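Novice:
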Amino acid sequence: MLERANSLFGYTLGELSIYAKLEIPPNLKRDKGWIGILLERYLGASAKNKSEPDFASIGIELKTIPIDNRSKIPLETTFICVAPLIGNSGVTWETSYVRYKLSRVLWIPIEGQRTMPLAMRRIGAPLLWNLNSKEELHLKSDWEELMDLIVLGKVETITAHHGEMLHLRPKASHGKSLTAAIGKFGKPILTIPLGFYLRKKFTAKIIARYYRYFLL
DNA sequence: CTATGATCATCC
DNA sequence: GGATGATCATAG
């Protein structure tokens, strides 16, 4: 699979879409996950919409990441998973889904400037990344701060400003989506679902270590 | 609704 | 410009 991923370096999304027999949309406005689906399809990911790594047998999570090819900086934050708002008793960073998802990621950088037609965007060299102890410490600190707010009934006070590397933002189809959570005084409430995202400054560091290898 | 895949678009 | 808050598509 890694060899197959490496072989994608330099190809455009237009070329890959033809090869993978996946129709290319005019833009990503209505197909935000299209690039991810395309790469999964080409690389033979197994998980679909199940809760396990994309390549379960080898414990690798696949993530495409849009990059500005001049600055080499990510253009978007990276979604990790939906935040559990209830049933968190006994959950620690060590057993968290965030840590599980991020323990090993195959990042595939792709030119992502909106001015560039989708078909012309080039695929960069994949980067197999293992969460190191320093990074983990940072994420753990953010995760604990955020989970405290959730568990202590302060979910409605959460904004994307919380968390240095990892933060929470809405994750829903629309603003009226509701899910169960804990409100003030421990009272059950319904609120908008939240997702964990990696800030660009975190992913930028990962990408920077390898930027010389991709996108010319 | 929740999970997968993310980016859009507004506001500061 | 860039981050925050909002949103899109699909499967089960």
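Counting from 1, position 96 in the first sequence corresponds to residue 88 in this note's numbering; the numbering is continuous, with no gaps.
A virtual CB, placed ideally from N, CA and C, is assigned to each residue, including glycine.
All figures in this text were calculated on a predicted structure; none of them were measured in a lab.
Are the CB atoms of E156 and D134 within a distance shorter than 8 Å?
Specialist: It is a contact, given that the beta carbons lie within the stated cut-off.
Novice: Excluding the 5 residues flanking R191 on each side, which residues of the same chain have their C-beta closer than 8 Å to its C-beta?
Specialist: Within the same chain, R191 has close Cβ partners T69, G155, E156, M157, L158, H159.
Novice: Assign E53 to one of three DSSP states: helix, strand, or coil.
Specialist: Strand at E53.
Novice: Could you tell me how far apart the beta carbons of R161 and L131 are, in whole angstroms, since I believe they sit closer than 8 Å?
Specialist: About 16 Å separates the two Cβ atoms, so there is no contact after all.
Novice: I'd like to check one pair, F194 with A117: are the Cβ atoms closer than 8 Å?
Specialist: Contact: no.
Novice: Do you know whose CA, among K13, E127, I150, lies nearest E268's CA?
Specialist: The structure shown has nothing for residue 268, since the chain only spans -7 to 208.
Novice: Which residue marks the beginning of the beta strand (DSSP E) containing L67, and which one marks its end?
Specialist: From DSSP, L67 is part of no beta strand (DSSP E); its letter is neither H nor E.
Novice: What is the DSSP secondary structure of T84, reduced to helix, strand or coil?
Specialist: Coil at T84, not helix or strand.
Novice: Measure the Cβ-Cβ separation of P66 and I59 and say whether it is below 8 Å.
Specialist: Yes; because the gap between Cβ atoms is below 8 Å, this pair is in contact.
Novice: Just the C-alpha distance for T56 and K146, rounded to the nearest angstrom, thanks.
Specialist: C-alpha separation (whole angstroms): 32 Å.
Novice: Distance check for A196 and N(-2), CA to CA, integer angstroms please.
Specialist: Going by the C-alpha atoms only, they are around 20 Å apart.
Novice: Contact defined as beta carbons within less than 8 Å: I believe T4 pairs with R113. What is the distance between those atoms, to the nearest angstrom?
Specialist: Right, their Cβ atoms sit about 6 Å apart.
Novice: Exposed or buried, what is L144 when buried is set at 16 or more other beta-carbons lying within 10 Å of its beta-carbon?
Specialist: It counts as exposed.
Novice: Going by other Cβ atoms of all chains shown within 10 Å of its Cβ, with 16 needed for buried, is E53 buried or exposed?
Specialist: Counting Cβ neighbours within 10 Å, E53 comes out buried, since at least 16 surround it.
Novice: Report the residue ranges of all beta strand (DSSP E) runs contained in full by the stretch 150 to 193; include only those spanning at least 3 residues, in chain order.
Specialist: Complete beta strand (DSSP E) runs here, min 3: 158 to 162, 171 to 174, 180 to 183, 186 to 190.
Novice: Hey, quick one: how far does the alpha helix (DSSP H) through N(-2) stretch, first residue to last?
Specialist: From DSSP, the alpha helix (DSSP H) with N(-2) extends over -6 to -2.
Novice: Between the alpha carbons of K93 and P17, how many angstroms are there, rounded?
Specialist: C-alpha separation (whole angstroms): 28 Å.
Novice: Confirm, please, whether the CB-CB distance from K64 to Y203 is below 8 Å.
Specialist: Yes, these two residues count as a Cβ contact at 8 Å.
Novice: According to the neighbour-count rule (16 or more other Cβ atoms, all chains shown, within 10 Å of its Cβ), is A172 buried or exposed?
Specialist: Classification of A172: exposed, given that the 10 Å Cβ count is below 16.
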